[in-house]
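Notes to accompany the following structure.
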Amino acid sequence: MTSLRLWLRMICALLILSLISGCWSSREIEDLSLYVGLGIDVGQETKFEKKISAQGGGYPKEEIVTATVQIAPGKSSGQQSDEGGSPSSGKSSYSNEQLTGDSLLQIFRQFSLRRDRPLIGHHLKVIVISKDIAKKYGLKQLLDFVLRDNDIRPNCLVLISHHRALDVLTSKDPSRIPAFYLTGITNNSYISNKILEPVSLAKLDAEMQSGSSFLLQNVLNADGEDKFSGGSIFKAKTTKFIGELSQTDLEALSWIMPEEKAGGVIKTYSKEGFTVLYEIKKKTIKIIPKVSHGDISFHVKAESEGWLMEDWRAPEKEEKGAYLKELEQDFAKIVDQQIDQMLYKLQHTYKADVAGFRDSLRIHYPKTWKKVKDNWDEVFATVPITYEIKTNVVNPGSSTE
Amino acid sequence: MNDSQVKISTTQAVVIIVNYMLGAGILTLPRTTSKAVGTPDVWISIILSGLIITGVGIILVTLCRRFPEKTVFQFTREITGRWIAYILGCANILYFMVIAAFEIRVMADVTGMYLLERTPTWAIVMVFMWIGIYLISGGLPVIVRVFEVILPITLVIFVMEILLSNQLFEIGNLRPVLGEGIMPVVKGLKPSLLSYTGYEVMLVITAYMQNPKKSNKAMTWGLGISTSIYLITVVMVVGSLSLDGIKTRTWPTLDLVRSFEIQGLIFERFESLLLVIWILQIFSTFAITHYCASVGIRDLFKAKKMRTIMYCLLPFIYLAAMIPKNVYETFALGDMLGNVSVVLFAILPLVLLLLSIIRKKGGKHA
Numbered sequence: 209m210t211s212l213r214l215w216l217r218m219i220c221a222l223l224i225l226s227l228i229s230g231c232w233s234s235r236e237i238e239d240l241s242l243y244v245g246l247g248i249d250v251g252q253e254t255k256f257e258k259k260i261s262a263q264g265g266g267y268p269k270e271e272i273v274t275a276t277v278q279i280a281p282g283k284s285s286g287q288q289s290d291e292g293g294s295p296s297s298g299k300s301s302y303s304n305e306q307l308t309g310d311s312l313l314q315i316f317r318q319f320s321l322r323r324d325r326p327l328i329g330h331h332l333k334v335i336v337i338s339k340d341i342a343k344k345y346g347l348k349q350l351l352d353f354v355l356r357d358n359d360i361r362p363n364c365l366v367l368i369s370h371h372r373a374l375d376v377l378t379s380k381d382p383s384r385i386p387a388f389y390l391t392g393i394t395n396n397s398y399i400s401n402k403i404l405e406p407v408s409l410a411k412l413d414a415e416m417q418s419g420s421s422f423l424l425q426n427v428l429n430a431d432g433e434d435k436f437s438g439g440s441i442f443k444a445k446t447t448k449f450i451g452e453l454s455q456t457d458l459e460a461l462s463w464i465m466p467e468e469k470a471g472g473v474i475k476t477y478s479k480e481g482f483t484v485l486y487e488i489k490k491k492t493i494k495i496i497p498k499v500s501h502g503d504i505s506f507h508v509k510a511e512s513e514g515w516l517m518e519d520w521r522a523p524e525k526e527e528k529g530a531y532l533k534e535l536e537q538d539f540a541k542i543v544d545q546q547i548d549q550m551l552y553k554l555q556h557t558y559k560a561d562v563a564g565f566r567d568s569l570r571i572h573y574p575k576t577w578k579k580v581k582d583n584w585d586e587v588f589a590t591v592p593i594t595y596e597i598k599t600n601v602v603n604p605g606s607s608t609e
Numbered sequence: 250m251n252d253s254q255v256k257i258s259t260t261q262a263v264v265i266i267v268n269y270m271l272g273a274g275i276l277t278l279p280r281t282t283s284k285a286v287g288t289p290d291v292w293i294s295i296i297l298s299g300l301i302i303t304g305v306g307i308i309l310v311t312l313c314r315r316f317p318e319k320t321v322f323q324f325t326r327e328i329t330g331r332w333i334a335y336i337l338g339c340a341n342i343l344y345f346m347v348i349a350a351f352e353i354r355v356m357a358d359v360t361g362m363y364l365l366e367r368t369p370t371w372a373i374v375m376v377f378m379w380i381g382i383y384l385i386s387g388g389l390p391v392i393v394r395v396f397e398v399i400l401p402i403t404l405v406i407f408v409m410e411i412l413l414s415n416q417l418f419e420i421g422n423l424r425p426v427l428g429e430g431i432m433p434v435v436k437g438l439k440p441s442l443l444s445y446t447g448y449e450v451m452l453v454i455t456a457y458m459q460n461p462k463k464s465n466k467a468m469t470w471g472l473g474i475s476t477s478i479y480l481i482t483v484v485m486v487v488g489s490l491s492l493d494g495i496k497t498r499t500w501p502t503l504d505l506v507r508s509f510e511i512q513g514l515i516f517e518r519f520e521s522l523l524l525v526i527w528i529l530q531i532f533s534t535f536a537i538t539h540y541c542a543s544v545g546i547r548d549l550f551k552a553k554k555m556r557t558i559m560y561c562l563l564p565f566i567y568l569a570a571m572i573p574k575n576v577y578e579t580f581a582l583g584d585m586l587g588n589v590s591v592v593l594f595a596i597l598p599l600v601l602l603l604l605s606i607i608r609k610k611g612g613k614h615a
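Quick note, the sequences are listed as chains A and B, same order. To convert a position in the first sequence, counted from 1, into the working numbering, add 208. To convert a position in the second sequence, counted from 1, into the working numbering, add 249.
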């Protein structure tokens, strides 16, 4: 009797175990299309779409955006057609698919009419937005879906492409997945001050909500190769693209933004005309806001320590004393000039504070900040900013002369 | 099983308080409080309300200690007379039931959003409730033993996850301190007070404590642990995502964990781990409230069959959980529960305590 009950119990337990280990709504990963990159362009129908619409297969839409999704891994066979972007033949580690429409989600759902595997956004790494569409629509609108979606994680990066986002998401080498090396490049911001600190969706959302103008990394593309260069300025309230900063401006920017990591080099020419290079190893930056009788001003104190890493002086001489002092001043002067140009662009050309002066004012003078908060960009355009840059050479690298 | 024989230690009482308090609130706490405060001083509000609640909690246990070995449902009768006691008792029971329903509903909403998008809600909820009833039908000692397992797991994983997010942390997001004076902090007190519901479990638990004299200590420790967890959460979420960044996030604490990836550390993403421990916490809150409601019915109506009561409550809790039509109504229900709890468990115990002193009911300070 007891053994029968024991058996019954064991069967019960086995049954339950086999049932609860299964997942109710599981979906096999092989049956899904994981998209790792998303490109947003001005609407432009692909050939495929045009042919389909010619057959009456369209739906009412205004063709505002063209979305490119980069799916990894791509297809193994080479039947890829004339759809731009994907490598045309052979094995490829990714495939780009494009559709045009009015809303991102509608476009995504439209994919399910064409492909057997549904799209899934858990692994989206990078979003590339073309400059042209960012001029027309604010990022708040373009990214609204992405921020609401429950699959896409807020650590996804956002980049701006100079031309079409599709080109940026295309690489000559089919074994390289563009979305991955784009995220890889952003991680280099610690050795070059020409790359902005990576901006994730979470950070971007915070900036858009706080009502400040902000800066996003630019990506250029030529012959299937991408390059990071400069940044795009977005206006506070509209979150639309208003202008660009060059690589040099970004270098200058890194001297007045405390949170930027050290890194980067300064090039100057010695009196004799030889190239001398200074690599920044450590940087301490202090932004000191001042408010007197309602007048706001800023003073930036930046000091860096670095190594003298290259000196082309032909008959090698000892690098010390007056020569080093002179070089240090030269380096500082170059930074001074760069900052000058950059601040002119920010204050006069674009009237947008993307350098984070707002934060130091907010922290140190909360009451004044409350007054100027709503039209800070206009106030910023007239605020006097002074700065002093010091560069110290502490080390000649591994070769001393 | 005879519950009146069961005794729990002071530490176990602490464990119950903390497990009850940590629940649905922690995922939305940074948003609700920072919306009300409007400056980065949210964390001061959290500390202040923790202190206030400790005061309230001590009043509550002082009341309980005047009536040793009696739960709130039994001793209210002695203070106020039968009819008022019935009304108050029913209100308490209803409150416990609705809390249980609310926790279940939030759990179902969040798992539906981030974990099991295509699983029907009833399937998630049913499994949850059945396991809950399996647990509480074992009585208080079983509940406590499970809680003692759950709590350390929760604390370790939670603190680890929150600390992993330090790569996003920027101290500037928490400055300036008191930039706009003390008023914003005061405004933030209400929503943060609401998140401290849970101490009321002592109304029932004190009766089962081995050493009711130490209920003060249990209360203080329980609230202390909960306050520090809330504090860490708010500081890290506001510090990492900034005040403006969490205004529009529905579940900010979860978004904090979703905002980073760590390569080369077994897991790259930590939100599922967070959801797991958080579901454990919701489960414990659900279990204890369901249990308290059952105890309430038993003591108020002098019923005998505890297990029958528990099973009878099940469908009602389920139905209550399904009442909110959407996520907004669920949040509204949460706010309402918070308001009710202030009346039931902050104001009422004080009144009862004063009444019992005036009418000389109950023993001296035990």
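The C-beta atom is built at its ideal place from N, Cα and C for all residues, glycine as well.
Under 8 Å between C-beta atoms, does residue i make it to chain B?
i, result
"I571(A)", "yes"
"R361(A)", "yes"
"P268(A)", "no"
"S211(A)", "no"
"A280(A)", "no"
"N583(A)", "no"
"N358(A)", "yes"
"P239(A)", "First, the amino acid is wrong: residue 239(A) is Asp here, not Pro. Output row for D239(A): interface = no."
"A589(A)", "no"
"S285(A)", "Note that S285(A) has pLDDT 45, beneath the 50 cutoff, so the model's placement of it is unreliable and the number below is only indicative. For S285(A), the answer is no, since every Cβ of chain B falls outside 8 Å of its Cβ."
"S408(A)", "yes"
Which one of the options has the shortest CA to CA distance from residue i?
i, options, result
"V391(B)", "G447(B), I265(B), I572(B) and R547(B)", "I265(B)"
"V286(B)", "L492(B), I385(B), V544(B) and S521(B)", "L492(B)"
"Y552(A)", "R235(A), P592(A) and N603(A)", "P592(A)"
"A542(B)", "S298(B), I382(B) and F377(B)", "I382(B)"
"L522(B)", "T403(B), R326(B) and L300(B)", "T403(B)"
"P440(B)", "M458(B), Y479(B), F407(B) and V426(B)", "Y479(B)"
"V576(B)", "V263(B), T259(B) and T277(B)", "T277(B)"
"I547(A)", "E433(A), L535(A), E513(A) and D457(A)", "D457(A)"
"F482(A)", "L535(A), C364(A) and D434(A)", "L535(A)"
"Y477(A)", "V427(A), Q537(A) and G514(A)", "Q537(A)"
"V321(B)", "I607(B), L593(B), I474(B) and K609(B)", "L593(B)"
"E410(B)", "L503(B), C339(B), A357(B) and A349(B)", "L503(B)"
"K562(B)", "T260(B), A350(B), F418(B) and N268(B)", "Reading off the sequence shown, one finds Leu at residue 562(B), where the question assumed Lys. Residue A350(B) is the option with its Cα nearest to L562(B)."
Write down the C-beta distance between residue i and residue j rounded to the nearest angstrom, noting that I regard them as a contact closer than 8 Å.
i, j, result
"V601(A)", "Y486(A)", "7 Å"
"N422(B)", "V487(B)", "6 Å"
"T368(B)", "S233(A)", "5 Å"
"S298(B)", "Q459(B)", "That pair is no contact at about 30 Å."
"S437(A)", "Q455(A)", "5 Å"
"D561(A)", "D585(A)", "6 Å"
"F643(B)", "T579(B)", "A query on residue 643(B) cannot be resolved here, the shown segment of chain B reaching from 250 to 615 and no further."
"L438(B)", "S294(B)", "6 Å"
Establish whether the CB of residue i and some CB of chain A are separated by less than 8 Å.
i, result
"M458(B)", "no"
"F519(B)", "no"
"M432(B)", "no"
"E318(B)", "no"
"T368(B)", "yes"
"F509(B)", "yes"
"M362(B)", "yes"
"A372(B)", "yes"
"S491(B)", "yes"
"R556(B)", "no"
"P573(B)", "no"
Could you name each continuous alpha helix (DSSP H) segment of 4 residues or more that falls completely within the region 293-380 of chain B, going from the start of the chain to the end? 321-329 and 331-363
Every unbroken alpha helix (DSSP H) inside the region 394-459 of chain B [4 residues or more]: 432-443 and 451-454
Are three or more beta carbon pairs between the region 403-417 of chain A and the region 379-386 of chain A nearer than 8 Å? no
Can you give, in chain order, each stretch of the alpha helix (DSSP H) that sits fully within the region 395-457 of chain A and has at least 4 residues? 409-418
So, do the region 556-565 of chain B and the region 467-478 of chain B have three or more beta carbon pairs nearer to each other than 8 Å? no
Is it a yes or a no for the region 463-472 of chain B touching the region 304-320 of chain B, going by three-plus beta-carbon pairs under 8 Å? yes
Any 3 or more C-beta pairs closer than 8 Å across the region 267-276 of chain A and the region 304-324 of chain A: yes
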